[in-house]
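S.K.: With our numbering applied, the sequence shown corresponds to residues 43 to 491, in that order. Every residue gets a Cβ at the ideal spot worked out from N, C-alpha and C, and that includes glycine.
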Amino acid sequence: MTSEQQRVVVIGGGLAGLRLAERLGGSPAVRVAVLGEEPHAPYNRVLLAEVLAGRYAPEVAALPEPGPVLRRGVRAVRIDRADRTVHCDDGSTEPYDTLVLATGSNAVLPPLRGLFAPGGALAASAPGRELPDGVHAFRTMEDCLALSAAVAAGPAVRAVVIGGGLLGVSAARALAERGAQVVLAQQGERLMERQLDEGAAALLHAHLAGLGIEIHTECRVRGLTTTAAAVPAGSEAGTGPAGRRRVTGVELADGYRLDADVVVLACGVRPRAGLARAAGLEVRTGIVVDDLLRTSDPAIHAIGDCAEHAGRVYGLAGAALEQADALAAVLAGTGPGPRLPRAGGPEPASAPARYTGTRALTRLTLSAGGDGPLDVAAFGETDPLPGDDVLRLSDATRRTYRKVVVRGDRLVGGVLLGELSSVAALARSWEDEEALTDLFHLITDDGGS
Ligand SMILES: Cc1cc2nc3c(=O)[nH]c(=O)nc-3n(C[C@H](O)[C@H](O)[C@H](O)COP(=O)(O)OP(=O)(O)OC[C@H]3O[C@@H](n4cnc5c(N)ncnc54)[C@H](O)[C@@H]3O)c2cc1C
């Protein structure tokens with residue numbers, strides 16, 4: 043490293059952190075180090091459901107390996123802002139000129155009776171805080187491989203997925219594809235409430251039911267039932283899972299009990315902001331950042347799922363990548379227009395060095411089943427305000443549904459199921475805030491996409 047080089051330390055070797063490292067990699071002005079606590083090769087979480095379904099090998103989900111800049115299996119445990127140093131769990135330290143928090147999010151663990159052993163200590167790592175065997179979140183490659191091993195254990199494994207959002211739906215579909223008997227318990231009125239309206243959710247519900255998934259909406263899970271976990275044959279006294287528990291079922295609020303060999307907790311995610319909070323940075327839901335993606339300490343930035351910009355935490359891959367790109371431009375000192383070279387992708391016409399928010403499109407493909415795959419896409423505001431116009435085309439036989447919401451002469455949101463050929467043109471019109479001239483053509487035609 044030369045004395046003029048800026049030391050950029052990135053905490054988090056996920057989608058956002060590695061994209062930033064890739065963007066900065068070509069710049070002689072910076073030396074980048076990425077701290078990644080996960081021992082696995084870096085991977086794209088968006089593909090975990092396909093890995094669980096057995097469609098992709100874990101290697102297919104790999105992100106480009108950034109080489110020695112990534113220190114795998116190293117967790118940052120403390121930030122010393124006065125010394126501009128990050129302390130790691132292996133005792134090492136990383137001095138920085140600029141620090142970037144790209145720590146992602148954690149799965150929310152719902153307050154279920156029986157989830158933790160009674161009287162378990164409060165520290166997440168303490169023995170009483172361990173999840174019972176068979177209970178998994180759906181956030182990491184580790185979760186995915188553990189779930190995969192559980193369903194591979196035999197035919198007709200009974201799985202209960204708690205949560206009917208994007209993660210729960212993806213997990214339920216993947217488990218069903220692996221031959222598990224799946225029950226999906228959703229507390230809300232419909233599936234994927236954040237993205238889908240009633241009509242679209244009903245089609246999705248029918249599709250999943252067609253895959254053999256039993257779906258309960260407006261269904262609150264109250265607790266888990268567990269038993270002492272079996273000690274594996276051959277393990278020495280004291281080295282087996284003594285004191286460990288194994289899940290046996292799920293109790294619903296109405297008193298009904300479902301037997302379960304596997305339980306998936308898909309109850310949302312929460313930005314991982316503990317390090318930032320401990321360092322005295324401003325944290326609301328996420329780590330608060332401005333349009334330069336700076337936290338309340340100008341030497342520290344935050345991007346991806348852990349960041350909160352203009353009151354919004356996105357929790358989506360598209361936003362994580364856009365924030366990484368915008369921060370790379372900020373750190374490289376490029377103004378509006380030019381930006382760092384883009385590896386393996388077309389150069390956008392212009393890229394602002396200020397981040398002004400992401401227009402995030404949610405897209406999901408639910409493959410498998412005799413009816414073939416079902417594609418789902420949603421963007422913007424899918425629930426109209428008074429005075430908005432709504433155009434809806436629905437065909438239950440062909441399992442297609444398209445709805446767009448129009449305010450004045452602008453498209454403000456839409457949801458499409460089944461037939462997505464028009465989604466690119468619609469999303470473009472929404473992103474560019476174009477004045478609409480022929481909406482019907484846009485919704486029925488592929489718009490040249
Ligand atoms: C199963 C699943 C399906 C998804 N599907 C979609 C989808 O269809 N569309 C979509 O847009 N988004 C989807 N997402 C969300 C998407 O994956 C995230 O928005 C994206 O990964 C965010 O990137 P990130 O870099 O902010 O966080 P992450 O990818 O989570 O990376 C953060 C990394 O930081 C590491 N880390 C945290 N703290 C420390 C520390 N102290 N020291 C060292 N390392 C640390 C973590 O271990 C992790 O590897 C999905 C997520 C999951 C889990």
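Within the continuous alpha helix (DSSP H) that includes residue 215, where are the two ends?
M.R.: Residue numbering aside, residue 215 sits at position 173 when the sequence shown is read from its first letter. Here the alpha helix (DSSP H) through residue 215 covers 208 to 219.
S.K.: State the DSSP-derived secondary structure class of residue 56, mapped to helix, strand or coil.
M.R.: Counting from 1 along the sequence shown, the entry for residue 56 is found at position 14. Three-state result, residue 56: coil.
S.K.: Should residue 119 be counted as a contact of ligand 1 given a C-beta to heavy atom distance under 8 Å?
M.R.: Here residue 119 refers to the residue found at position 77 of the sequence shown. Under cutoff, so the answer is yes.
S.K.: Closer than 8 Å to a non-hydrogen atom of ligand 1 - does that hold for the CB of residue 397?
M.R.: Counting from 1 along the sequence shown, the entry for residue 397 is found at position 355. Outside the cutoff, so no.
S.K.: Any idea which residues DSSP pairs residue 137 with across the strands?
M.R.: Taking the first residue of the sequence shown as position 1, residue 137 is located at position 95. DSSP lists 127 as partners of residue 137.
S.K.: Among 116, 90 and 175, which one has its Cα closest to the Cα of residue 105?
M.R.: In the sequence shown, the residue the question calls residue 105 occupies position 63. When only C-alpha atoms are compared, the closest one is 90.
S.K.: Going by Cα to Cα distance, which pick from 425, 467, 480 and 461 is closest to residue 451?
M.R.: In the sequence shown, counting from the first residue as 1, residue 451 sits at position 409. Considering only alpha carbons, the answer is 480.
S.K.: State the Cα-Cα distance for the pair residue 211 and residue 204, rounded to the nearest angstrom.
M.R.: For this step, residue 211 is matched to residue 169 along the sequence shown. For this step, residue 204 is matched to residue 162 along the sequence shown. Residue 211 and residue 204 have their C-alpha atoms some 10 Å from each other.
S.K.: Pull up the CB-CB distance for residue 177 and residue 201, whole angstroms please, since I reckon it's below 8 Å.
M.R.: As a working mapping, residue 177 is identified with position 135 in the sequence shown. As a working mapping, residue 201 is identified with position 159 in the sequence shown. With a Cβ gap of about 11 Å, residue 177 and residue 201 do not count as contacting.
S.K.: Just checking residue 212 against ligand 1 - is the residue's beta carbon closer than 8 Å to any of the ligand's heavy atoms?
M.R.: For the purposes of this step, residue 212 is taken as residue 170 along the sequence shown, with counting starting at 1. Answer for residue 212: yes, Cβ within range of ligand 1.
S.K.: Between the C-alpha atoms of residue 254 and residue 334, what's the straight-line distance to the nearest angstrom?
M.R.: The residue given as residue 254 occupies position 212 in the sequence shown. The residue given as residue 334 occupies position 292 in the sequence shown. So the two alpha carbons sit approximately 48 Å from each other.
S.K.: Leaving aside the five residues before and after residue 56 along the sequence, list all residues of the same chain whose C-beta is less than 6 Å from its C-beta, in chain order.
M.R.: As a first step, residue 56 must be located in the sequence shown, where it is residue number 14. Leaving aside the five residues that flank residue 56 on each side, the residues in its chain whose CB is nearer than 6 Å to its CB run, in chain order, 146.
S.K.: Tell me which residues share the same chain as residue 327 and place their Cβ nearer than 7 Å to its Cβ, disregarding the 5 neighbours each side in the sequence.
M.R.: Translated into positions along the sequence shown, residue 327 becomes position 285. Taken in chain order, the residues that qualify are 313, 350 and 355.
S.K.: Any heavy atom of ligand 3 inside 8 Å of the beta-carbon of residue 317?
M.R.: You won't find ligand 3 in this model; what it holds is ligand 1.
S.K.: How would you label residue 193, buried or exposed, when you count the other beta carbons within 10 angstroms and need 16 or more for buried?
M.R.: Within the sequence shown, residue 193 is the residue found at index 151, counting from 1. With 16 or more other Cβ atoms within 10 Å, it is buried.
S.K.: So what does residue 48 bridge to, in DSSP terms?
M.R.: By 1-based counting over the sequence shown, the position of residue 48 is 6. In the DSSP output, where bridge partners are listed per residue, residue 48 has 72.
S.K.: Taking 8 Å as the line, does the beta carbon of residue 436 fall inside it for any heavy atom of ligand 1?
M.R.: Counted from its first residue, the sequence shown places residue 436 at position 394. The answer is no for residue 436.
S.K.: Quick one: give me the first and last residue of the alpha helix (DSSP H) that residue 365 is part of.
M.R.: To locate residue 365, count along the sequence shown from 1; it is residue 323. Where residue 365 is concerned, the enclosing alpha helix (DSSP H) stretches over 359 to 373.
S.K.: Which residues does DSSP pair with residue 342 in a beta bridge?
M.R.: One-based indexing of the sequence shown puts residue 342 at position 300. 141, per the DSSP bridge assignment.
S.K.: Would you call the region 335 to 346 and the region 360 to 370 touching, i.e. three or more CB-CB distances under 8 Å?
M.R.: yes
S.K.: Cβ of residue 289 versus every heavy atom of ligand 1: is any distance shorter than 8 Å?
M.R.: To locate residue 289, count along the sequence shown from 1; it is residue 247. No, the Cβ of residue 289 stays beyond 8 Å of every heavy atom of ligand 1.
S.K.: Using only alpha-carbon positions, find the residue among 375, 470 and 97 that is nearest to residue 422.
M.R.: Residue mapping note: residue 422 aligns to position 380 of the sequence shown, counting from 1. Nearest C-alpha to residue 422: 470.
S.K.: Assuming residue 231 and residue 264 make a contact with CB atoms under 8 Å, what is their CB distance in whole Å?
M.R.: Residue mapping note: residue 231 aligns to position 189 of the sequence shown, counting from 1. Residue mapping note: residue 264 aligns to position 222 of the sequence shown, counting from 1. Contact between residue 231 and residue 264 is ruled out by a C-beta separation of about 19 Å, above the 8 Å threshold.
S.K.: Using only CA atoms, which one of 236, 46, 79 and 60 lies nearest to residue 70?
M.R.: By one-based count along the sequence shown, residue 70 stands at place 28. Residue 70 has its Cα closest to that of 46, out of 236, 46, 79 and 60.
S.K.: Where does residue 190 sit, in a helix, a strand or coil, going by DSSP?
M.R.: Translated into positions along the sequence shown, residue 190 becomes position 148. Residue state, collapsed to three classes: helix.
S.K.: Let me check you understand the geometry: is the CB of residue 367 closer than 8 Å to at least one non-hydrogen atom of ligand 1?
M.R.: Taking the first residue of the sequence shown as position 1, residue 367 is located at position 325. The answer is no for residue 367.
S.K.: When the distance is taken between beta carbons, is residue 259 closer than 9 Å to residue 247?
M.R.: Working through the sequence shown from its first residue, we reach residue 247 at position 205. Working through the sequence shown from its first residue, we reach residue 259 at position 217. The answer is yes: Cβ separation under 9 Å.
S.K.: Measuring only the C-alpha atoms, how far is residue 408 from residue 62?
M.R.: Numbered from its first residue, the sequence shown carries residue 408 at position 366. Numbered from its first residue, the sequence shown carries residue 62 at position 20. Computed Cα separation, rounded: 30 Å.
S.K.: Which stretch, first to last residue, makes up the alpha helix (DSSP H) that contains residue 244?
M.R.: Taking the sequence shown and counting its residues from 1, the one referred to as residue 244 is at position 202. Residue 244 -> alpha helix (DSSP H) spans 240 to 252.
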